[in-house]
């Protein structure tokens with residue numbers, strides 16, 4: 001049961017980052033950025049590492065829009 005909960009939470013975090021770094025040419029809403037910041041502030045170091053690794057993986061995306069959103 002615990003592993004299922006962790007898997008769901010991990011999926012939710014990846015979807016949050018995906019939505020904030022989509023390749024749509026739209027500005028990411030501030031509330032999403034604040035949600036990510038709050039997640040990182042209140043999470044265990046292992047979750048921060050997981051999110052950081054996912055963001056680095058997103059930087060490999062070929063879309064310049066995604067890269068711009070991550071560097072902004």
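Numbering (full-length UniProt numbering), first residue to last: 1 to 72.
All residues carry an ideal CB built from backbone N, CA and C; glycine is no exception.
Query, Result
"Compute the distance between the beta-carbons of residue 10 and residue 60, then report whether it is under 8 Å.", "no"
"Can you tell me whether residue 48 is helix, strand or coil according to DSSP?", "helix"
"Give the secondary structure of residue 27 by DSSP, where H, G and I count as helix, E and B as strand, and everything else as coil.", "coil"
"Could you check whether the Cβ of residue 54 sits closer than 8 Å to any Cβ belonging to chain C?", "The structure shown contains no chain C; it holds only a single protein chain."
"Closest to residue 48 by C-alpha separation, out of 5, 4, 14 and 1, would be which residue?", "14"
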